[in-house]
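Each residue of the sequence shown is one higher than the one before, counting from 1 in the UniProt record's numbering.
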Amino acid sequence: KFPADEVVVLASRRSVGVEVSYGDRTLKVKALEHYDFSDVDICLMSAGGSVSKEWSPRIGAAGAVVIDNSSAWRMDPDVPLIVPEVNADAAAGFTKKNIIANPNCSTAQLVVALKPLHDKATITRVVVATYQSVSGAGKDAMDE
């Protein structure tokens with residue numbers, strides 16, 4: 001259980017009113033564009049890169065820490081790229097933009113597995129091949 005006094009689900013206007021489950025509760029989606037983030041501590045952003053690029057800086061400027069799940073901030077030198085089991089201490093750098101990024105799923109799993117090996121026998125090079133499903137690229141890719 002994630003400790004939270006209040007959980008709010010936000011999305012675009014077309015999803016307003018949709019019900020989503022959270023634990024044993026049902027929450028109704030509210031409009032992102034009208035939400036006041038001034039009292040928000042943490043925003044878990046999983047809305048895609050373009051939405052994150054537009055909204056994460058605004059939300060961060062309002063004082064919330066944005067933890068972004070898209071690829072939007074992964075290469076930004078002012079945004080720490082964090083896998084908590086591997087480099088949680090690097091999160092200290094989030095205050096430049098109030099945004100924390102995470103790597104893609106393949107990378108996150110890989111570095112968790114490699115960290116203990118690296119700690120014991122310094123790894124200097126890793127060659128990896130991954131195979132991603134087309135569904136991860138969205139509906140347009142599936143239709144193609």
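Glycine included, each C-beta is placed from N, C-alpha and C at the ideal position.
Separation of V16 and T130 (C-alpha to C-alpha, rounded to the nearest whole angstrom) is 37 angstroms.
Contact check for V134 against K115 fails: the beta carbons are separated by 7 angstroms or more. With respect to V40, A11 sits apart: the two C-beta atoms are not nearer than 7 angstroms. Between the alpha carbons of P103 and V65 lies a distance of about 17 angstroms.
Pairing A31 with R13, the inter-Cα distance amounts to about 5 angstroms. Sequence-distant Cβ neighbours of G48 in its own chain, meaning closer than 7 angstroms and more than five residues away, are S70.
Cβ-Cβ distances below 7 angstroms link M142 to V134, S135 in the same chain, with the five nearest sequence neighbours on each side left out; the list follows chain order.
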